[in-house]
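Report on the structure given below.
2 protein chains.
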Amino acid sequence: MAKKNAFYAQSGGVTATINATACGVIETARKHRRHIGKVYAGRDGIIGALTEDLIDTSKESAAAIRALRHTPGGAFGSCRYKLKSLEENQAQYERLIEVFKAHDIGYFFYNGGNDSADTSYKVSQIAAKMGYPLVCIGVPKTVDNDLAVTDCCPGFGSVAKYVATSIREAGFDVASMARTSTRVFVLEVMGRHAGWITAACGLAAEAEGDGPHILLFPEIPFDEERFLAKTDDSIRRYGYCTVGVSEGLRWPDGKFLSESGLRDAFGHAQLGGVAPLIAQLVRDKLKQKYHWAVADYLQRSARHIASKTDVLQSYAVGKAAVELAVKGRSGVMPVIVRKSARPYRWTIGVADLKDIANHEKMMPRDYITEDGFHITEKCRQYLAPLVQGEDYPPYRNGLPAYVKLKNTPVPKKLAAAFKI
Amino acid sequence: MAKKNAFYAQSGGVTATINATACGVIETARKHRRHIGKVYAGRDGIIGALTEDLIDTSKESAAAIRALRHTPGGAFGSCRYKLKSLEENQAQYERLIEVFKAHDIGYFFYNGGNDSADTSYKVSQIAAKMGYPLVCIGVPKTVDNDLAVTDCCPGFGSVAKYVATSIREAGFDVASMARTSTRVFVLEVMGRHAGWITAACGLAAEAEGDGPHILLFPEIPFDEERFLAKTDDSIRRYGYCTVGVSEGLRWPDGKFLSESGLRDAFGHAQLGGVAPLIAQLVRDKLKQKYHWAVADYLQRSARHIASKTDVLQSYAVGKAAVELAVKGRSGVMPVIVRKSARPYRWTIGVADLKDIANHEKMMPRDYITEDGFHITEKCRQYLAPLVQGEDYPPYRNGLPAYVKLKNTPVPKKLAAAFKI
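Residue numbers (the numbering used here), protein chains in the order written: chain A, 33 to 452; chain B, 33 to 452.
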């Protein structure tokens with residue numbers, strides 16, 4: 033293929049390491065100048081392509097691009113915007129091709145989860161159908177760790193390290209307060225459908241008595257009575273109890289606990305977290321003093337305690353995406369392959385986008401203990417390597433020094449605007 | 033004074049660095065064997081002294097004591113237990129002296145906040161009155177940074193570093209999502225009476241447009257209308273808005289927002305956080321998508337991102353306490369003295385316990401901007417040095433390796449039990 037420009041976009045919820053992937057894409061593209069001209073990024077993801085709002089990454093210095101490796105969030109903006117099916121809105125796909133044509137774009141890199149893999153796949157189909165040569169590569173990312181085929185997902189290892197560290201630290205605090213004050217601590221973590229992040233909390237428990245003592249997975253319907261009995265037992269044995277709970281915890285009837293109908297003083301529904309509900313149960317039924325935390329975005333943006341393994345893998349998938357592209361591979365996604373468990377060794381493999389699109393990888397049942405309240409040794413073996421190693425950002429004035437790019441726009445070439 | 037044993041206890045809410053102080057006390061005591069025999073720690077704070085439940089720290093290896101320097105929580109247990117006044121319950125004080133006498137304790141180190149300074153002062157008075165030679169030293173600690181006389185409080189700098197880092201990181205996340213999703217992010221932090229921790233969030237904002245865009249201090253009554261206008265303005269200018277809010281935020285009538293009367297589906301009062309309330313306001317009045325986090329214990333136990341300055345100061349007050357004690361100084365507390373602001377230089381000074389007991393150091397009004405929503409340059413100058421430097425703990429299996437002591441009990445010598 034003659035030299036063409038590349039388009040890169042970030043999609044969906046961002047992570048602490050998605051910019052490490054962007055760094056991998058851009059630095060590697062800069063090394064393949066024979067094939068790749070400029071890398072244009074979509075401002076706010078695919079919306080940037082539809083609205084012809086492109087960012088010229090060639091205006092950024094090598095140092096700025098290098099700093100992406102240690103900067104959380106999505107440097108070019110991301111979006112929650114799913115393209116409709118080809119049948120429903122073919123105009124969207126045609127618009128994409130039109131914009132790519134106008135800017136001489138021959139490579140499409142889409143950095144996201146299941147939906148993004150699906151979009152990349154569809155874009156590759158429509159490009160072929162329209163006779164427009166376009167190499168389409170999906171690049172994996174999601175804190176939820178629920179992509180098919182890949183052994184793990186870039187972004188997950190860092191959240192895992194954050195939640196395991198945080199619940200261990202809070203456990204040390206609660207243990208010291210338990211005699212006269214707080215006996216139960218509840219940490220709410222992300223993962224609405226799959227319990228991978230909840231499971232990662234379990235890594236903090238290495239010896240008998242270590243917290244977290246209880247994990248509440250989205251896969252296991254909440255059994256109030258058994259939970260309270262287990263909490264009470266933990267307090268009796270160890271003096272306190274720490275709990276990691278998924279935001280997606282459900283009642284046996286399938287309803288989310290978070291939709292349990294909290295009302296403010298005026299009777300308005302309140303969108304609360306699960307942690308305060310669990311804590312309140314503990315207070316009402318066990319009469320124990322509690323504290324609760326909701327980590328929310330802190331967990332997925334905590335670049336200051338990123339997993340080195342995760343950063344390396346996040347960069348590697350970006351690099352591999354470009355290397356696959358210049359070889360002309362299309363409709364594929366670089367994935368992480370576990371070559372060996374102990375010692376942990378991994379490499380980058382290649383998967384077809386259609387095998388990844390719209391699948392969700394749930395926690396295997398044998399990763400959760402029989403009583404449903406903790407992780408098994410098998411799960412621990414799987415998770416442990418993913419949090420290995422530290423990769424600290426540089427600090428300035430006592431705080432992590434993260435980069436803000438210039439994000440210079442590419443001059444528009446098309447007359448027509450596109451309404452999203 | 034002839035060689036005597038020492039008693040050390042941790043009091044009140046623990047911090048990420050109170051064990052660094054314990055490390056300073058014990059390591060320094062071990063260097064003064066001519067004056068100090070064994071260091072006995074109170075199990076669960078002063079309760080351990082009252083119930084004669086003492087821990088023999090001489091049973092711990094030098095490596096274990098060294099590891100306290102990087103371990104959060106209170107290694108010997110703490111308690112929320114305030115001794116009554118001398119008039120109300122002289123028996124408590126007499127019991128303390130009885131236990132100290134039984135175990136040949138001549139030094140009393142009490143590591144805590146205002147209340148603990150008060151207790152130390154009273155214990156020194158009663159000892160003198162009873163003719164029992166006891167050197168009483170208060171050792172400062174509190175994440176609230178509200179102790180009088182000392183320039184800052186050991187434990188505060190690390191919380192400050194954590195909250196400033198966290199809100200900066202979450203800000204990078206929200207900025208990338210704002211086009212189609214979350215536009216407002218609210219982080220709730222500790223500090224029920226004084227806004228020092230809320231102020232520390234402000235350190236993350238270094239340039240025009242940086243978050244946090246709004247701080248809600250406990251010192252400034254919450255003005256809903258002005259808050260919403262400011263939030264709206266921030267979204268218009270920067271595309272998003274991040275907010276740091278104190279758990280102690282109050283309505284103009286003085287009531288805590290956290291007591292605003294959230295009810296569950298059954299009408300039971302819910303003890304919620306402030307962050308979800310603020311977020312809900314944003315949703316209802318501005319129709320913007322929001323996320324919120326409550327850091328709770330995570331902030332005060334986050335040893336993984338402790339401030340090096342704070343760790344050094346926490347250790348130094350422990351060391352100084354013992355050095356003061358062997359010189360026979362009693363009724364005093366080592367404090368941190370700021371010798372110079374830029375470059376930041378500090379030293380350890382000495383204050384009388386009675387000048388510290390029961391005072392609360394509030395944020396000066398000129399540390400808060402006129403509109404009440406941010407910190408002034410003067411405040412930034414004060415806070416900035418306190419978060420300087422990193423002091424990472426060692427890691428094992430990808431997680432911080434914190435020490436759990438053996439906490440071997442000292443055999444009891446008194447026949448009578450004491451009911452607390």
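Glycine included, C-beta positions come from ideal geometry on N, C-alpha and C.
At a cut-off of 7 angstroms, is residue i close to the ligand COA when judged by its beta-carbon and the heavy atoms of the ligand?
i                  : result
Tyr-164 of chain A : With respect to the ligand COA, the structure shown offers nothing to examine, as it has no ligands at all.
At the 8 angstroms Cβ level, is residue i part of the contact set with chain A, yes or no?
i                  : result
Asn-390 of chain B : no
Tyr-434 of chain B : yes
Tyr-376 of chain B : no
Lys-114 of chain B : no
Phe-450 of chain B : no
Ala-416 of chain B : yes
Phe-217 of chain B : yes
Val-71 of chain B  : no
Thr-49 of chain B  : no
Pro-104 of chain B : yes
Which stretch, first to last residue, makes up the beta strand (DSSP E) that contains residue i?
i                  : result
Ile-368 of chain B : 364–372
Ser-266 of chain B : Not the beta strand (DSSP E): Ser-266 of chain B falls in the alpha helix (DSSP H), residues 256–270.
Ser-278 of chain B : 273–278
Leu-418 of chain A : From DSSP, Leu-418 of chain A is part of no beta strand (DSSP E); its letter is neither H nor E.
On the premise that residue j lies in contact with residue i, defined as a C-beta separation below 8 angstroms, what is that separation, rounded to the nearest angstrom?
i                  : j                  : result
Asp-85 of chain A  : Phe-188 of chain A : Their Cβ separation, rounded to whole angstroms, is 30 angstroms, which puts Asp-85 of chain A and Phe-188 of chain A out of contact at 8 angstroms.
Lys-262 of chain B : Phe-39 of chain B  : About 51 angstroms separates the two Cβ atoms, so there is no contact after all.
Ala-416 of chain B : Asn-429 of chain A : 6 angstroms
Tyr-270 of chain A : Val-216 of chain A : Not a contact, Cβ separation roughly 11 angstroms.
Lys-131 of chain B : Ala-81 of chain B  : Note on identity: in this sequence residue 131 of chain B is Val, with Lys being the wrong assignment. The Cβ separation is near 5 angstroms, so the contact holds.
Val-419 of chain A : Ser-346 of chain A : 14 angstroms between Cβ atoms; not a contact.
Taking a contact to mean a Cβ-Cβ separation below 8 angstroms, would you say residue i touches residue j in this structure?
i                  : j                  : result
Phe-254 of chain A : Leu-281 of chain A : yes
Gly-223 of chain B : Asp-150 of chain B : no
Asn-51 of chain A  : Leu-100 of chain A : yes
Gly-77 of chain A  : Ser-117 of chain A : no
Gly-363 of chain B : Asp-384 of chain B : yes
Ser-278 of chain A : Pro-250 of chain A : yes
Ile-87 of chain B  : Pro-441 of chain B : yes
Val-306 of chain B : Val-181 of chain B : no
Arg-335 of chain B : Val-191 of chain B : no
Phe-140 of chain A : Cys-168 of chain A : yes
Tyr-72 of chain A  : Ile-129 of chain A : no
Leu-330 of chain A : Ala-196 of chain B : no
Ala-239 of chain A : Ile-199 of chain A : no
Lys-114 of chain A : Asp-147 of chain A : yes
DSSP state of residue i, grouped into three classes?
i                  : result
Pro-253 of chain B : coil
Lys-114 of chain B : coil
Ile-50 of chain B  : helix
Ser-152 of chain A : helix
Asn-37 of chain B  : strand
Leu-248 of chain A : strand
Asn-143 of chain A : strand
Arg-127 of chain A : helix
Pro-308 of chain A : helix
Leu-313 of chain B : helix
Check the Cβ-Cβ distances between residue i and every residue of chain B, and say whether any is below 8 angstroms.
i                  : result
Phe-204 of chain A : yes
Gln-420 of chain A : yes
His-336 of chain A : yes
Asp-76 of chain A  : yes
Pro-426 of chain A : no
Asp-328 of chain A : yes
Met-222 of chain A : no
Lys-438 of chain A : no
Ala-38 of chain A  : no
Lys-173 of chain A : no
Val-306 of chain A : no
State the start and end residues of the unbroken alpha helix (DSSP H) segment that holds residue i.
i                  : result
Val-175 of chain B : No alpha helix (DSSP H) holds Val-175 of chain B; DSSP gives it neither H nor E.
Lys-70 of chain B  : That residue, Lys-70 of chain B, is in no alpha helix (DSSP H); its beta strand (DSSP E) goes 68–74.
Thr-197 of chain B : 188–209
Trp-228 of chain A : 228–233
Asp-387 of chain B : 385–388
Val-349 of chain B : 340–358
So residue i contacts chain E; which residues on that side make the cut at Cβ distance below 9 angstroms?
i                  : result
Leu-235 of chain A : The displayed structure is made up of protein chains A and B, and chain E is not among them.
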